[in-house]
Amino acid sequence: MRWDEGLTPEQRVAAAHEGGHAVLIAGPGTGKTHTLTRRIIKLCQTGGVAPGEILAVTFTRAAAALLRSKVAKALGEDNELPTACTLHSYALSQLILSGEIITILPQPLRIADDWEGRQIILEDLKHVLGLDIKEVRERFDRLSADWQTLNREANDWENTFPDPRFLGAWLQHRALYGYSVRDELVYQLKQAIDRIEGFRLPHRPRHLFVDEYQDLNPCDLAVVHAICDQGAELFAAGDDDQSIYGFREAFPQGIRRFAKSYPDSKRLDLNDCQRCEQSILDVAHFVADLDPNRLPKNTRSVCPPVCGEVNLLSFDHGAIEADIVARICKRLVQDGGQDPGEILILIRSDKNHRFSDPLAQSLRTHGLPVAVKVETDRPTDGRNGRMLLAFMRLVVAVTDSLSWRTLMRLRYNHVGRKSFEAIHLSARAQQTSFVGALQRIRQNPEIVPSLGGRIAAEVVSIQQLVDEAPPHPGEDGTAELVEWVGKLSKLVIAEENDRKDVVSFIQNTAESFGCQAVPELLRALSLSEESIEQERDADSINIMTMHKAKGLSADVVFIIAAEDEYVPGKAENGPLENDELRLLYVSMTRARHRLYLTHCRERRGGQRHSGRTAGQRRRTLTRFLRYGPLRSIPGATYLRAM
């Protein structure tokens, strides 16, 4: 495949750009990532650039895997491919390669994943500090925000951090277990670049591509700039209207100020939307224009008109809303021949399944297939999956403290909180790690009166299982890696179906990241939660949150509960209100032909206790649509007119 095959004229111009840094401003459905990918292919095919000189940074691992597969198809599976990864993955790889000179992080570099963060780190800090889990999470979120915004670089940061007691407890805990956390990786790479004299990135690309540039935070932007300072030419692609991760400190001003950051750069534009009909774009643009700071754009639909239907439907309360939405879907599927897999139902949030349960029940009552995609747990987050991951880590590195702790917590062994507190006290007294304390207790159980024998027996039992494990392969390839995981799983997971689910997930991760060795696979599994986008069920009506729908599209989209209490919700009049505005815009532009927005005058039952005015029944239409071009009509009236 030639690099320009099938490109539109404006996509071809952007992909063929020459002469320094460039930013591609591309509205929804204009082929932003497609154009970026084709530019990579062009450089390899006709630009005299070796694939190894290219680094492509994506926002999710799923996007990185897709980009790699498309480039491989064009260049040939057996040829060298560019590096495609998230910025966290890139930072981790550079920190590992520079481990001998980066001493601020515990070595060897071990990343605590989200499960370990929730179930071990936060839980331990909760007990140490006497706080509830929400308070501990808030403090950890503040720590992460200080890394992402670069507030951590203030000279007196340790003195201005709101809770120095928390900071001290966390630093002590990380020393005990020897881990780093994902949110600090990019910051620590920036620190290395800034503070280690003569530091050079081990992998310095000649060409740097950054997709979803609007979702980078200030720390990310600083690292991208540092990579460019070491010789890379930057091609950034994004859309400030689609910056929706303010809760992760995403900084849309980064793309808005691109020309100031890179004075000799060129702006490229994609304006032809090949996804949404014009009537959908018109309403979406009304919403986007409520942000006076947005970059001007001329996005226009080039789709063949089908129906271009946009409706704002009102209901008395949520039960009626769920029923009529289901009836509309039934009409579309049974009378209109609509593929159920091309219907998306989006909700702002779904705590305790307050919205997805009644919607799913109504859809099933009307005989429609439905898939609820609001959960975030993965097969490796269950008990069996976590135990398998822990054993994998111990087979590779038997001194991995977090893995010992995971197994001792999940196995049926009567080792509980008091035992862990005793181990912690022993470790601090001997100035050793958690696993170091375990080995001392194994040799001399009397160190821990009344609990030492039980702890020592559990250490012996786990060690025996590790000794029985098949030796892990070297860098023999993905197939051998997956085969080894399958063998190891039989020692850990008794139920065959449970084994299949967990091993299949690990196999998909290995293939997505192109892992060749066990340490590489374990790092990928630690970072795989970076994925935000959600794959949908191809044969069902899919219910998912608005954030998870980014990157998806469908013939028909419902946005449920477009009410001020949810959008902007608790972000009202705050720094994240514009995030909520952009989230609504992104959700609306998932629709190709039909867009439905719903709102209720009341919320009852569990829904009453949600949103900004939790406990109050009365609800109002979101401020972002209140003065727009849509007239609200009763849902029942619309149904009768279909």
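Just so you know, we're using this note's numbering here: the sequence shown kicks off at 3 and counts up by one.
A virtual CB, placed ideally from N, CA and C, is assigned to each residue, including glycine.
Stretch pair the segment 78-90 + the segment 51-58: three plus CB contacts closer than 8 Å: yes
Along the chain, where does the alpha helix (DSSP H) that runs through Lys268 open and close? To locate residue 268, count along the sequence shown from 1; it is residue 266. Here Lys268 belongs to no alpha helix (DSSP H); instead the beta strand (DSSP E) covers 268-272.
Residue ranges of each beta strand (DSSP E) within the segment 206-272, 3 or longer: 209-212, 235-240, 268-272
Touch check for the segment 223-231 and the segment 122-133: three-plus C-beta pairs under 8 Å? no
Could you spell out where the alpha helix (DSSP H) holding Arg642 opens and where it closes? Taking the first residue of the sequence shown as position 1, residue 642 is located at position 640. Taken as a continuous stretch (DSSP letters only), the alpha helix (DSSP H) holding Arg642 covers 637-643.
Can you give me the C-alpha to C-alpha distance between Asn544 and Gln363, rounded to a whole angstrom? In the sequence shown, counting from the first residue as 1, residue 544 sits at position 542. In the sequence shown, counting from the first residue as 1, residue 363 sits at position 361. If you take the alpha carbons of Asn544 and Gln363, they lie about 13 Å apart.
Where Ser533 sits in the DSSP three-state scheme: Working through the sequence shown from its first residue, we reach residue 533 at position 531. Any reading at Ser533 must be qualified, since the residue scores a pLDDT of 49, below 50, and its modelled position is unreliable; no value is offered.
Going by the beta-carbon positions, is the gap between Arg388 and Thr401 smaller than 8 Å? Counting from one through the sequence shown, the residue named residue 388 turns up at place 386. Counting from one through the sequence shown, the residue named residue 401 turns up at place 399. Not in contact: Arg388 and Thr401 (Cβ atoms no closer than 8 Å).
C-alpha distance - Gly119 paired with Leu632, whole-angstrom precision: As a position in the sequence shown, residue 119 is number 117, starting the count at 1. As a position in the sequence shown, residue 632 is number 630, starting the count at 1. One C-alpha to the other measures close to 45 Å.
Distance CB(Phe211)-CB(Val25) smaller than 8 Å: Here the question's residue 211 lines up with position 209 in the sequence shown. Here the question's residue 25 lines up with position 23 in the sequence shown. No, the Cβ-Cβ distance between Phe211 and Val25 is not below 8 Å.
Curious, which full-length beta strand (DSSP E) runs of at least 3 residues does the segment 302-335 contain? 311-317
Which residue's Cα is closest to the Cα of Pro294: Val327, Gln255, Glu7? For the purposes of this step, residue 294 is identified with residue 292 of the sequence shown, where counting begins at 1. If we check each option's Cα against that of Pro294, Gln255 comes out closest.
Taking Pro48 as the reference, give the member of Ala18, Leu453, Arg625, Glu323 with the closest Cα. Numbered from 1 along the sequence shown, position 46 holds the residue referred to as residue 48. Inspection of the sequence shows that residue 48 is occupied by Thr rather than by Pro. Nearest of Ala18, Leu453, Arg625, Glu323 to Thr48, Cα basis: Ala18.
According to DSSP, simplified to helix, strand and coil, what is Gly119? Position 117 of the sequence shown, counted from the first residue, corresponds to residue 119. Note: Gly119 maps to helix in three-state DSSP.
Going by Cα to Cα distance, which pick from Lys72, Arg70, Leu94, Ala252 is closest to Gln216? Along the sequence shown, read from residue 1 onward, the residue named residue 216 stands at position 214. The option with the nearest alpha carbon to Gln216 is Ala252.
Assumed close pair Leu315, Tyr598 - CB separation to whole angstroms, cut-off 8 Å: Taking the first residue of the sequence shown as position 1, residue 315 is located at position 313. Taking the first residue of the sequence shown as position 1, residue 598 is located at position 596. Indeed, because the Cβ distance is near 6 Å, the residues count as touching under 8 Å.
Contact set for Leu578: own chain, Cβ-Cβ below 8 Å, skip 5 residues either direction: Taking the sequence shown and counting its residues from 1, the one referred to as residue 578 is at position 576. Taken in chain order, the residues that qualify are Gly248, Phe249, Pro570.
Grab me the residues of Val335's own chain with a C-beta within less than 7 Å of its C-beta, minus the 5 sequence neighbours each way, in chain order. In the sequence shown, counting from the first residue as 1, residue 335 sits at position 333. Closer than 7 Å at the Cβ level, and outside the excluded window around Val335, lie Pro342, Leu370.
Taking the C-alpha atoms as reference points, what is the distance between Gly438 and Pro381? Position 436 of the sequence shown, counting from 1, holds the residue named residue 438. Position 379 of the sequence shown, counting from 1, holds the residue named residue 381. Roughly 30 Å between the two C-alpha positions.
Taking the beta carbon of Glu160 as the centre, do at least 16 other beta carbons fall within 10 Å, making it buried, or is it exposed? The count along the sequence shown starts at 1 and reaches residue 160 at position 158. Looking at its Cβ environment, which holds fewer than 16 other Cβ atoms inside 10 Å, Glu160 is exposed.
Under three-state DSSP, which class holds Met3? Mapped onto the sequence shown, residue 3 falls at position 1. Reduced to three states, the DSSP call for Met3 is coil.
Could you check if Tyr587 is buried or exposed, using at least 16 other CB atoms within 10 Å of its CB as the buried criterion? Translated into positions along the sequence shown, residue 587 becomes position 585. It is buried - the Cβ of Tyr587 has at least 16 other Cβ atoms within 10 Å.
In angstroms with no decimal places, state the Cα-to-Cα distance between Glu522 and Pro475. The count along the sequence shown starts at 1 and reaches residue 522 at position 520. The count along the sequence shown starts at 1 and reaches residue 475 at position 473. Distance between the alpha carbons of Glu522 and Pro475: 12 Å.
Close beta carbons around Phe507, own chain, < 7 Å, minus the five adjacent residues each side: Counted from its first residue, the sequence shown places residue 507 at position 505. Excluding positions up to five away in sequence, the list reads Arg380, Pro381, Thr382.
Using only the alpha-carbon positions, how far apart do Thr60 and Val15 sit? Locating residue 60 in the sequence shown gives position 58, where the first residue counts as 1. Locating residue 15 in the sequence shown gives position 13, where the first residue counts as 1. Computed Cα separation, rounded: 22 Å.
Within the segment 39-103, ranges of the alpha helix (DSSP H) (whole runs, at least 4 residues): 63-77, 89-99
Compare the C-alpha of Asp222 against each of Val494, Gly240, Leu187, Arg197 and name the closest. If you number the sequence shown from 1, residue 222 lands on position 220. The candidate whose alpha carbon is nearest that of Asp222 is Leu187.
Alpha-carbon to alpha-carbon, Lys192 and Ala224: The sequence position of residue 224 within the sequence shown is 222, counting from 1. The sequence position of residue 192 within the sequence shown is 190, counting from 1. Their Cα atoms are separated by approximately 7 Å.
Please state whether the Cβ-Cβ distance between Thr88 and Arg70 is less than 8 Å. Locating residue 88 in the sequence shown gives position 86, where the first residue counts as 1. Locating residue 70 in the sequence shown gives position 68, where the first residue counts as 1. Cβ atoms of Thr88 and Arg70: not closer than 8 Å.
Alpha-carbon to alpha-carbon, Leu68 and Asp557: If you number the sequence shown from 1, residue 557 lands on position 555. If you number the sequence shown from 1, residue 68 lands on position 66. For Asp557 and Leu68, the distance between alpha carbons rounds to 22 Å.
What distance in whole Å lies between the Cβ atoms of His175 and Ile257, which are believed to be in contact at a cut-off of 8 Å? In the sequence shown, residue 257 corresponds to position 255, counting from 1. In the sequence shown, residue 175 corresponds to position 173, counting from 1. Between His175 and Ile257 the Cβ distance is about 37 Å, and since that is not below 8 Å, they are no contact.
The alpha helix (DSSP H) with Ile508 in it runs from where to where? Along the sequence shown, read from residue 1 onward, the residue named residue 508 stands at position 506. Looking at the DSSP string, the run of the alpha helix (DSSP H) that includes Ile508 is 498-515.
Straight-line gap, Arg296 to Arg269 (C-alpha atoms, nearest Å): Within the sequence shown, the letter at position 294 stands for residue 296. Within the sequence shown, the letter at position 267 stands for residue 269. So the two alpha carbons sit approximately 15 Å from each other.
Contact check, Thr350 vs Met548, beta carbons under 8 Å: Here residue 350 corresponds to residue number 348 of the sequence shown, with the count starting at 1. Here residue 548 corresponds to residue number 546 of the sequence shown, with the count starting at 1. It is Arg, not Thr, that sits at residue 350 in the sequence shown. Contact flag set, yes.
In terms of residues, what are the limits of the alpha helix (DSSP H) holding Leu283? Start at 1 with the first residue of the sequence shown, and residue 283 comes out as number 281. Segment 280-290, the alpha helix (DSSP H) holding Leu283.
Return the bridge partner residues of Arg605 from the DSSP annotation. Position 603 of the sequence shown, counting from 1, holds the residue named residue 605. Residue pairing by DSSP places Arg605 in no beta bridge whatsoever.
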